[in-house]
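For reference, the structure is listed below as structure tokens.
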Amino acid sequence: RATREDGGLGEESEEEEETKHTADADNEFTTSSSEDGDLGPVSAFVETFPVEETFPFDPTQLEDWADAADMNNLHEPALVELLRRRFEQGSIYTRSGDVLISVNPYCSIPGLYSQERLQAAAAAAAGAVSSGAAPHVYGVARSAFDALRQSGRSQSILINGESGAGKTEAAKHVMQFLAAAGTRHAVANQAAGVVPALKEAIVQSNPVL
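If you use our numbering, the sequence shown corresponds to residues 58 to 266, in order.
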């Protein structure tokens, strides 16, 4: 329905309907809007997209997920929008299955890497940090540490990103966690003599990283 100049409602014209939402024979989708946000026959902006460049929408894409894999119909635009919303809320970490996604805040976030949080993660039961807590780099490090203890096999953590994305900072916090968790494990198993050697080995690995 369309509003007439006298305030009454009238039938919408084909021209107005076409302005709102048109699809031509070439599978192109057109939308338009006026400057005040109302759709109408006078268009201030028109943008056309091929259908193959569009993505399906699902209501779950509007929710705040700590794990993007829980979202229905996950695709790049929905993931980027989720990361944007979480970043604006101060949450720089988001999981996607076994992958941890981080957005560099270029500022210090109080409490994010505090000693209290580090020691709590190091003292947590196996698997507790990665599965039950908010997404955090300590969760990735804890998963590797637990797998190392349980399997006795070497573990790898891949930290990937563009220049300035925060790879070095992430590696530093991984090493800090491994030092803290390894120390607690050694003390708990009455192997305090290996603690200094463990810390030194971790410190010496930093140049390689």
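C-beta atoms are modelled at their ideal positions from N, C-alpha and C, and glycine is treated no differently.
A quick note: this is a predicted structure, and the numbers were derived from the prediction, not measured.
(request) Just grab the DSSP bridge partners of residue 121 for me. (result) As a working note, residue 121 is residue 64 in the sequence shown. Residue pairing by DSSP leaves residue 121 without any beta bridge partner.
(message) Can you tell me whether residue 81 is buried or exposed? The criterion is at least 16 other CB atoms within 10 Å of its CB, across all chains shown.
(response) As a first step, residue 81 is located in the sequence shown; it is residue number 24 there, counting from the start. In this prediction, residue 81 scores a pLDDT of 44, lower than 50, which makes its location untrustworthy; the coordinate-derived value is nonetheless stated afterwards. Around the beta-carbon of residue 81, fewer than 16 other beta-carbon atoms lie within 10 Å, marking it exposed.
(request) Output the distance between the C-alpha atoms of residue 156 and residue 107, rounded to the nearest integer angstrom. (result) Start at 1 with the first residue of the sequence shown, and residue 156 comes out as number 99. Start at 1 with the first residue of the sequence shown, and residue 107 comes out as number 50. Roughly 31 Å between the two C-alpha positions.
(request) Kindly identify the DSSP beta-bridge partner or partners of residue 159. (result) As a first step, residue 159 must be located in the sequence shown, where it is residue number 102. Bridge partners of residue 159: 150.
(request) Can you say whether residue 258 is buried or exposed, counting buried as having 16 or more other CB atoms within 10 angstroms of its CB? (result) The residue you call residue 258 lines up with position 201 of the sequence shown. Exposed.
(request) Rounded to whole angstroms, what's the CA-CA distance from residue 237 to residue 206? Just pull it up for me. (result) Numbered from 1 along the sequence shown, position 180 holds the residue referred to as residue 237. Numbered from 1 along the sequence shown, position 149 holds the residue referred to as residue 206. Rounded to the nearest whole angstrom, the CA to CA distance from residue 237 to residue 206 is 15 Å.
(request) Would you kindly report the start and end of the unbroken alpha helix (DSSP H) that includes residue 219? (result) As a position in the sequence shown, residue 219 is number 162, starting the count at 1. From DSSP, residue 219 is part of no alpha helix (DSSP H); its letter is neither H nor E.
(message) Just to check my reading of the structure: residue 51 and residue 180 have Cβ atoms closer than 8 Å, yes? What is that Cβ distance to the nearest angstrom?
(response) Nothing can be reported for residue 51, as the shown portion of the chain is limited to 58 through 266.
(request) Note down the Cα distance separating residue 140 from residue 132, rounded to an integer number of angstroms. (result) As a working note, residue 140 is residue 83 in the sequence shown. As a working note, residue 132 is residue 75 in the sequence shown. A direct Cα-to-Cα measurement between residue 140 and residue 132 gives close to 12 Å.
(message) My output table needs one value for residue 128: the three-state DSSP class, helix, strand or coil.
(response) Position 71 of the sequence shown, counting from 1, holds the residue named residue 128. Secondary structure at residue 128: coil, using DSSP grouped into helix, strand and coil.
(request) Taking all protein chains shown into account, decide if residue 272 is buried (16 or more other Cβ within 10 angstroms of its Cβ) or exposed. (result) With the chain running from 58 to 266 in the structure shown, residue 272 is simply not present.
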